[in-house]
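Participant:
Residue numbers (full-length UniProt numbering), protein chains in the order written: chain A, 1 to 313; chain B, 1 to 231.
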């Protein structure tokens, strides 16, 4: 697959998503907006895990940092959506820099545990400083902060368009990144860190750069979630939100740019379907995932890449 | 010129290299031979900074390189092609070469020179590295190292597991490199290959260089091969 065809495919997917969001009824349009925000989170997670091999259990912290980074200034000081989104992105990137500069001195399982430890400490801090963060109850983002060019983000169409815009920008940047020389470095680090080092690559610095980029993606996703759906809560800092992007990526295909959105949509509708059937919905979700792992161990696009498009990024 | 003086190195409580003195000159091929466990690969890893020396000094053209972080060693002019090739399998030939050229700023003339040395790779530029044959993978591993424009090239058993025609190709490319002034340090177990390529042969045993012999003075039946390699 040439570079032109790769870009054409990804842009076609973006156009198809835009058309679906505008043509579908309000309920599904809102679902799609939520999926695209979570897919942006997955894009960031995939850069770290799928491309660079950094298996993190701390991404809930970056997502929640973005959520609180956007929500708190809006709640306390009446900030508008634009600056709040930027603050959220910066919060995700800054925490990734701080946590990563320590966690990346470890590798493998140790890295996973250290990132989990950071995320748990962050989640507990949100509860400890409840006077300021809203504690366990969280808080609603003021409607005055949920305006873009005079359009309320609580309405279906503006909300979907904002979610699509965030995802589209994230997808284009991610694709450009993985197709660049830095993208090759990421894959080299995943495949054989010692070999990459012997070609003059500083693994610590390169992995920290990736983690910060991944943190910014997560922060943007968290901020967008807060602004589009109007709620900020400490549950988004729980381990569940570190595992979810991992599931999205594994289902969609680790190390594929479009894998995150396929995984996010798959898990979202799988959960919807299972909760409608039974209160033991987690059992059904788990069962479906076991089946997927058995038959598509590399995820949907991992299978496509192995069988059809070997160069699919 | 690469020079090692009194290098001691090892892992944990085990000291593998027991005071290695060794010199590799520009435009020469220096072969290192020895039985399994003699310390050959540890020696290469120590030169590349992956194993920290406990004593001694490594210099390249007079500048001390021992003690540098491993990722800074290639920038000083050393390239290591490890045993087993260790390519980035999912990346194409061109992308593997691209990573090799990161330090050198991707000079087109360097890539061109490398592809002239290994024309077969030019035909495979867009092929995934993992799908190449064993000989082609070895060529790519060497080519990727050469993209660093090294003054010293360390090759760890480059002919291992290859068919005779591929061994001949690798041998010819090593001799061409030598002619360009690169110092080649070659870990090799095949006596025939050593005699065809080497200018000097270092025989290792129990973590030290026990004999340093000019290759022209060696025959296939030389006692050093029986004593230090067991052939």
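For each residue, glycine too, the CB sits at the ideal point set by N, CA and C.
1. According to DSSP, simplified to helix, strand and coil, what is residue 128 of chain B?
2. Mind pulling the chain A residues with CB within less than 7 Å of residue 86 of chain B?
3. Is the region 49–62 of chain B touching the region 130–139 of chain B, taking contact as three or more C-beta pairs under 8 Å?
4. Please go through the region 17–78 of chain B and give each complete beta strand (DSSP E) segment of 3 or more residues, from N-terminal end onward.
5. Starting from residue 2 of chain B, trace the alpha helix (DSSP H) in both directions and tell me its first and last residue.
6. So which of A:157, A:119 and A:114 has the shortest CA-CA distance to residue 236 of chain A?
7. Are the C-beta of residue 48 of chain B and some C-beta of chain A separated by less than 8 Å?
8. Should residue 40 of chain A and residue 220 of chain A be called a contact, given that it needs their Cβ atoms to be closer than 8 Å?
9. Would you say residue 195 of chain A and residue 30 of chain A are within 8 Å of each other, going by their C-beta atoms?
10. Beta carbons nearer than 8 Å to chain B: which residues of the region 285–310 of chain A have them?
11. Residues in the region 240–255 of chain A with C-beta within 9 Å of chain B's C-beta atoms, listed in sequence order?
12. Considering only their Cβ atoms, is the gap separating residue 104 of chain A from residue 217 of chain A smaller than 8 Å?
13. Can you tell me whether residue 88 of chain A is buried or exposed? The criterion is at least 16 other CB atoms within 10 Å of its CB, across all chains shown.
14. Restricting to runs no shorter than 3 residues, where is the beta strand (DSSP E) found entirely within the region 102–159 of chain B?
15. Just to check my reading of the structure: residue 185 of chain A and residue 206 of chain A have Cβ atoms closer than 8 Å, yes? What is that Cβ distance to the nearest angstrom?
16. Using the beta-carbon of each residue, which ones in chain A are nearer than 9 Å to residue 157 of chain B?
17. Can residue 44 of chain B and residue 154 of chain B be called in contact, C-beta distance under 8 Å?
18. So residue 6 of chain B and residue 55 of chain B are supposed to be a Cβ contact under 8 Å. How far apart are they, rounded?
19. Are there any heavy atoms of the ligand MG lying less than 7 Å away from the beta-carbon of residue 101 of chain A, as far as the coordinates show?
20. Kindly indicate if chain B contains any beta-carbon less than 8 Å away from that of residue 187 of chain A.
21. Count the other CB atoms within 10 Å of the CB of residue 96 of chain B; is the residue buried (16 or more) or exposed (fewer)?
22. For the region 136–144 of chain B against the region 160–175 of chain B, do three or more pairs of beta-carbon atoms, one drawn from each stretch, fall closer than 8 Å, so that the two count as touching?
23. Do residue 102 of chain B and residue 211 of chain A have their CB atoms nearer than 8 Å?
24. DSSP on residue 144 of chain A, reduced to helix/strand/coil?
25. Would you say residue 181 of chain A lies against chain B (beta-carbon separation less than 8 Å)?
26. Hey, would you say residue 33 of chain B sits closer than 8 Å to residue 228 of chain B, going by beta carbons?
27. Taking Cβ-Cβ distances shorter than 9 Å, what residues in chain B pair up with residue 46 of chain A?
28. With a threshold of 8 Å between beta-carbons, can residue 321 of chain A be considered close to chain B, or not?
29. Is it true that the CB of residue 278 of chain A sits closer than 8 Å to the CB of residue 284 of chain A?
30. For residue 99 of chain B, would you say it is in contact with chain A, using Cβ-to-Cβ distances shorter than 8 Å as the test?
31. Examine chain A for any beta-carbon lying closer than 8 Å to the beta-carbon of residue 137 of chain B, and answer yes or no.
32. Would the beta-carbon of residue 232 of chain B fall within 8 Å of that of residue 191 of chain B?
33. Starting from the beta carbon of residue 102 of chain B, find every residue of chain A whose beta carbon is closer than 8 Å, and list them in chain order.
34. Using a Cβ-Cβ cut-off of 8 Å (strictly less than) and excluding sequence neighbours within five positions of residue 116 of chain A, which residues of its own chain qualify?
35. In chain order, which alpha helix (DSSP H) runs of at least 4 residues are fully inside the region 240–268 of chain A?
36. Does any residue of chain A bring its CB to less than 8 Å from the CB of residue 75 of chain B?
Facilitator: This is what the structure gives:
1. In this structure, residue 128 of chain B counts as strand in the three-state DSSP scheme.
2. Chain-ordered, the chain A residues with CB closer than 7 Å to the CB of residue 86 of chain B read 192 and 195.
3. Result no; under three Cβ-Cβ pairs closer than 8 Å.
4. The qualifying runs are 29–34 and 55–60.
5. According to the DSSP assignment, residue 2 of chain B belongs to no alpha helix (DSSP H) but to the beta strand (DSSP E) extending over 2–11.
6. Of A:157, A:119 and A:114, the residue nearest in Cα terms is A:119.
7. Nearest CB-CB separation between residue 48 of chain B and chain A: below the 8 Å threshold.
8. Against a cut-off of 8 Å, the Cβ pair of residue 220 of chain A and residue 40 of chain A comes out as a contact.
9. In this structure, residue 30 of chain A does not lie closer than 8 Å to residue 195 of chain A by Cβ.
10. Taking 8 Å as the Cβ-Cβ cut-off against chain B, the residues of the region 285–310 of chain A that qualify are 310.
11. Taking 9 Å as the Cβ-Cβ cut-off against chain B, the residues of the region 240–255 of chain A that qualify are 255.
12. In terms of Cβ geometry, residue 217 of chain A and residue 104 of chain A do not form a close pair [threshold 8 Å].
13. The residue in question, residue 88 of chain A, is buried, as its Cβ has 16 or more Cβ neighbours within 10 Å.
14. Counting whole runs of 3 or more residues, the region 102–159 of chain B contains the beta strand (DSSP E) stretches 152–156.
15. Right, the Cβ-Cβ distance comes to about 6 Å (below 8 Å), so this counts as a contact.
16. Under the 9 Å cutoff, chain A gives no residues; its nearest Cβ is about 16 Å from residue 157 of chain B.
17. Cβ atoms of residue 44 of chain B and residue 154 of chain B: closer than 8 Å.
18. The pair is a contact, with the Cβ atoms about 6 Å apart (cut-off 8 Å).
19. Summarising the ligand content, the structure contains no ligands, and the ligand MG is consequently not present.
20. Yes, residue 187 of chain A counts as interfacial toward chain B.
21. The C-beta of residue 96 of chain B has 16 or more other C-beta atoms within 10 Å across all chains shown, which makes the residue buried.
22. Yes, the region 136–144 of chain B touches the region 160–175 of chain B.
23. No. Outside cutoff.
24. Reduced to three states, the DSSP call for residue 144 of chain A is helix.
25. Yes, residue 181 of chain A lies at the interface with chain B (some Cβ there is under 8 Å from its Cβ).
26. In contact: residue 33 of chain B and residue 228 of chain B (Cβ atoms closer than 8 Å).
27. Chain B residues near residue 46 of chain A: none, gap ~15 Å exceeds 9 Å.
28. The requested residue 321 of chain A does not occur in the structure, where chain A is confined to residues 1 to 313.
29. Result yes, Cβ atoms of residue 284 of chain A and residue 278 of chain A sit closer than 8 Å.
30. Chain A contact via Cβ: present.
31. Chain A contact via Cβ: absent.
32. Coverage of chain B is limited to positions 1 through 231, which leaves residue 232 of chain B absent and any answer about it impossible.
33. Listed along chain A, the residues sitting closer than 8 Å to residue 102 of chain B by beta-carbon distance are 181, 185, 199, 200 and 201.
34. Excluding positions up to five away in sequence, the list reads 57, 58, 239 and 242.
35. Listed in chain order, they are 240–252.
36. At least one chain A Cβ lies under 8 Å of residue 75 of chain B.
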